[in-house]
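In terms of mature numbering (1 follows the signal peptide of the UniProt record, and there is no 0), the sequence shown is residues -25 to -1, 1 to 849. Comments concern the structure below.
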Amino acid sequence: MMINYNHTVSVFLILSLGIFKLGSCYENQSQTNNVTVKCIQSEREALVSFKAGVNGKLSSWVGEDCCQWKGVECDNESGHVIKLNLSNPAGRHRRFDYFERVTNSPCRWCSKANPRGWRRSLLGDVNKSLSGEISPYLGNLSSLTHLDLEGNYNLSTRNLDWVSSLSSLEYLYMGGVKINHTKADWLHAINMLPSLLELSLYSCELKHLPSSLTSLTFTSLRVLDLSYNPFNTSIPQWLFKLTSLASLDLTFSNQGGKILDSFGRLGNLKYLYLGGNHFYGSIPDSIGYLSSLKELDLSYNEMNGTIPESFGQLSELVKLYLLENSWEGVITEAQLMNLTRLEEFVLTTNNRSQPLVFNVKYDWRPPFKLKILHLESCLIGPKFPKWLQVQSELTYVILKNVEIKGTIPEEWFSMISSNLTHLDLSNNQIKGNLPHQLVFPNVTKLFLQSNLFSGPIPSNISDLMPSLQYLDLSENHLYGKIPLSISKIKDLNILVLRRNNLSGELPHHWNESQMGLRVVDISYNNICGKIPSSMGFLGNLFILVLSNNNLSGEIPSSLQNCSIVSMDFGGNRLSGNLPSLIESDIFMLRLRSNLFSGIIPRKWCNLYKLRILDLAQNNLFGGIPDCFNNFTAMVDHNTFGYKPIENYTEKAYIVTKGREYEYDRTLQFVTYIDLSGNSLTGGIPIQITSLTRLGTLNLSMNHLIGSIPKNIGNMRWLETLDLSNNSLFGPIPGSMSSLTFLVHLNISFNNLTGRIPSGNQLQTLNDATIYKGNPLLCGSPLPTKCPRDETSDGPTITNVDDKQDGDDYERIWFYASIGLGFAVGFWSVCGTILLKKSWRHCYFRFCDHIKDKIVLLIALKVVHLKRKFGLEKS
């Protein structure tokens, strides 16, 4: 019993002691939690110094305790600042998915050599970001582990020396901050951070990337983003020592050279982005060692080799982007057979001489289920392969210029119709009718141009594809009427039906619900009737191309309600007066080959952005307005046409250099005036010579009179000048020899006179037909010589205005002096004889004496000749 008692007492004492200890711990913890930890004074001063140097969203930084300030996080025990997050979400860099990469990327217009374009493209979205200069006192936050200033594009720092003091830093995000380092020492500052795990310095305008480091301390780095910096170098060797890297982004960083086998050392890589650089050659075989790789982007480089079989070892690969390179060789099942997780496969090539060929068995079934497929300018045809027919989960398909011929199974369309959002089968030789029964409820973009599709457009297209935004069926063999239901597709943005055999009238029921419609191109068909006035409801209509049809009637005045910058109605039977009210931002106005009459409206002189004016082959009369010098886009080379529209390339035929050319992507750079084939009268306005950037001026086949403006040489960008078949008179201005870009000249069949100027570019225009039909012209290249040329060994060359003007003055003074001399001489002699009798008698006696001497001389000469030839009678 004693033992049990003692044992019980011992247990009781132990339990009591334990409860007491537990209570003490709880009390101490409660006291700890109730203590408010304030920030360190020196660190608060560092933050205040930072705030003083920047402008932006730091108005909440007030009060003594900086740990309560927005974006600041302190350690609960020490009070040291450990995190500072002042990033700007609107400007933060993120990896673009495929759709943004191809269509909506802010930098899709940026040049490889100009990564700053990326920086500028985002500035409009970061107005609320921080601006100013980072204080180096930020380096006093010695316990900082996380620093995020990303997306502040108006923020800068003189250098990164202050960063080297943050020895505990693990996460450094400064993407978008301008770093003004003139040398490569920014990396030495980073190399002082042994704990660094993630580093983001995209778009920091860094220009130097050291090729070597004596020692590497941040070997634990897992994420490195140096994209959009103009380094102009090759990948440094020290980078391959970062064997812990899981993500490497060098997109648009101006890197060059071959992609080295050394990448095979980075076995932990999951994300590798090398797009938008100058890499060339083949993908190295060592790519197969990156067995953890999930995303690979080699787009927009200069690679011209093959895709190795080791690609087949990338079993974890989900996204593969190989856009815009010069791939060649063959792809077989070996490169694709183990890519079981592949969802996005994008490959385009610009190698036309040796295109990439898919050489797989027709009935091969791949292990992957693709969601995005983009193959362009490679060979997968002629039959539509089985490995594509089994892809049932596709949402985005581009099979452009891949040599597919024949028909595509309707079963494939049926299988993907419910999920499909984008379909592009353009530039192939696909036959058959458009599906009339299948519903594609989610398709927003349908591109079937440049194929052999035939038959009518489905009459219920608005029911089959209610979400359509882009519809391009151009350059096929479609016939029938344009369905009225097209005008019921509310979200339609671009409608292109160019070059088919469509007939009937244009739909009449356009309405305000289609305010998103920006482009209508129905050119080169057999459309008849009038232009419907209901098109005036399309307030955002940007481009309207109805050329080369059989349209008649007048241009409806309601079109002035649209925002048209390009209007092409050429090659129809439109009539009436030219519309006086035209959108002031219009870039191209092409109305040639119609039946328009009347005068050119003077109100058009306000079209300061106009670059192409084509009114040729109409019935216009009156004079050429003297205010064409207001077309400032033909003067200022910095004023171009409209910004290119996504997924649409406008085409127009321009008559220049004596021929008709089709312009598409370069159309916005053309400057052109063609008023030929009308009944215009009056002279050529001198103001037109102010259009110094005009490339083509054609005023031929009119009734123009007067002289060619003397300062026509000011139009120094002229390539084509045609003034033929008019009634122009006077000399050809010598300044015409200053037109150094002139390659086509025609001033035939006028009434021009004088010497043909020579010198400079005119020396190369030695075709006599240029000047034909001007009988009073002389000089090379005409066979008619000028008067001076008949008495001189060589031609007299007049090649500039001041020289010709000098000759004109000399000629005037010469003839004036002759007349003056004759008058003075005549009256000084004859006048004296008439007035003075003694002089008159003397003059006539002198004449009689001379006459007698001449008669005697002749008589003696005759006698002498008779004796010489024995003719004198005996």
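For glycine and all other residues, C-beta sits at the position ideal for the given N, C-alpha and C. These numbers were taken from a predicted model, which means no experiment stands behind them.
Just checking my contact of residue i with residue j at CB under 8 Å: how many whole Å lie between their CB atoms?
i           : j      : result
Ile530      : Arg493 : So it is not a contact: roughly 19 Å between Cβ atoms.
Gly551      : Phe571 : 7 Å
Leu249      : Leu225 : 5 Å
Ser186      : Pro211 : 5 Å
Asn229      : Gly107 : Asn229 to Gly107, Cβ: 28 Å. No contact.
Gln310      : Phe286 : 4 Å
Tyr148      : Leu122 : 7 Å
Phe193      : Ile165 : 7 Å
residue 852 : Leu556 : No answer is possible for residue 852: it lies beyond the span of the chain, which begins at -25 and ends at 849.
Which residues bound the beta strand (DSSP E) around residue i?
i           : result
Val630      : Ala627 to Thr631
Ile518      : Ile518 to Val520
Gln230      : Gln230 to Lys233
Leu526      : Asn525 to Gly528
Leu322      : Glu319 to Thr324
Thr695      : Thr695 to Asp697
Thr120      : Counting along the chain, Thr120 falls outside any beta strand (DSSP E), and DSSP gives it neither H nor E.
Gly107      : Ser106 to Glu108
Pro660      : Counting along the chain, Pro660 falls outside any beta strand (DSSP E), and DSSP gives it neither H nor E.
His719      : His719 to Asn721
Val494      : Val494 to Asp496
His678      : His678 to Gly681
Ile502      : Asn501 to Gly504
Arg730      : Asn726 to Arg730
Trp349      : The sequence given here has His at residue 349, not Trp. Element bounds for His349: Ile347 to Glu351.
Glu48       : Val47 to Cys49
Val471      : Ile469 to Val471
Asp447      : Tyr445 to Asp447
residue 934 : The structure shown does not extend to residue 934, since the chain is modelled only from -25 through 849, so no value can be given for it.
Phe704      : Ser702 to Pro706
Leu292      : That residue, Leu292, is in no beta strand (DSSP E); it is neither H nor E in DSSP.
Among all the DSSP beta bridges, which residues are the ones paired with residue i?
i      : result
Tyr248 : Asp224 and Asp272
Tyr636 : Ile629
Tyr647 : Ile587 and Thr671
Ser654 : Phe596
Leu298 : In DSSP, Leu298 forms no bridge with anything.
Asn476 : Tyr454
Glu277 : Tyr255
Leu354 : Val332
Val305 : Val332
Met542 : Leu519 and Leu564
If distances are taken between C-alpha atoms only, which option among the options comes closest to residue i?
i      : options                           : result
Met676 : Leu184, Asn721, Leu642 and Leu666 : Asn721
Arg197 : Leu220, Leu214 and Lys420         : Leu220
Leu217 : Asn252, Phe238, Asn700 and Phe227 : Phe238
Lys406 : Leu477, Val418, Glu385 and Gln230 : Glu385
Cys14  : Glu39, Val29 and Lys26            : Glu39
Asp560 : Asn741, Asn581 and Asn547         : Asn581
Ser710 : Leu717, Ser702, Val718 and Asn686 : Asn686
Met167 : Leu191, Pro684 and Val152         : Leu191
Ile731 : Leu751, Val718 and Gly633         : Leu751
Asp611 : Pro576, Thr120 and Lys584         : Lys584
Leu413 : Asn569, Asn402, Pro205 and Ser392 : Ser392
Ala65  : Glu48, Ala27 and Leu105           : Leu105
Met490 : Ser538, Asn204 and Asn475         : Ser538
Gly151 : Asp160, Trp161 and Glu125         : Glu125
Lys346 : Leu369, Leu363 and Ser713         : Leu369
Val332 : Leu564, Leu162, Ile306 and Leu669 : Ile306
Glu20  : Gly232, Phe512, Leu116 and Lys465 : Leu116
Gln364 : Glu351, Ser352 and Thr382         : Thr382
Ser712 : Leu273, Ser699 and Asn689         : Asn689
Terminal residues of the continuous alpha helix (DSSP H) containing residue i?
i      : result
Leu311 : Glu308 to Leu311
Ser24  : Gln16 to Gly28
Ile687 : Segment: none, Ile687 is in no alpha helix (DSSP H) and carries neither H nor E.
Ile57  : Ile57 -> not in any alpha helix (DSSP H); beta strand (DSSP E) instead, spanning Val56 to Asn60.
Gln364 : Lys361 to Gln364
- Item | Any alpha helix (DSSP H) of 4 or more consecutive residues that is wholly inside the region 547 to 588 | none
- Query: Which ranges does the alpha helix (DSSP H) cover as unbroken runs of at least 4 residues, wholly within the region 375 to 436, from first to last along the chain?
  - Reply: 385 to 391
- Task: Jot down the residue ranges of each uninterrupted beta strand (DSSP E) in the region 137 to 224, minimum 3 residues, whole runs only, in chain order.
- Result: 146 to 148, 173 to 175, 198 to 200 and 222 to 224
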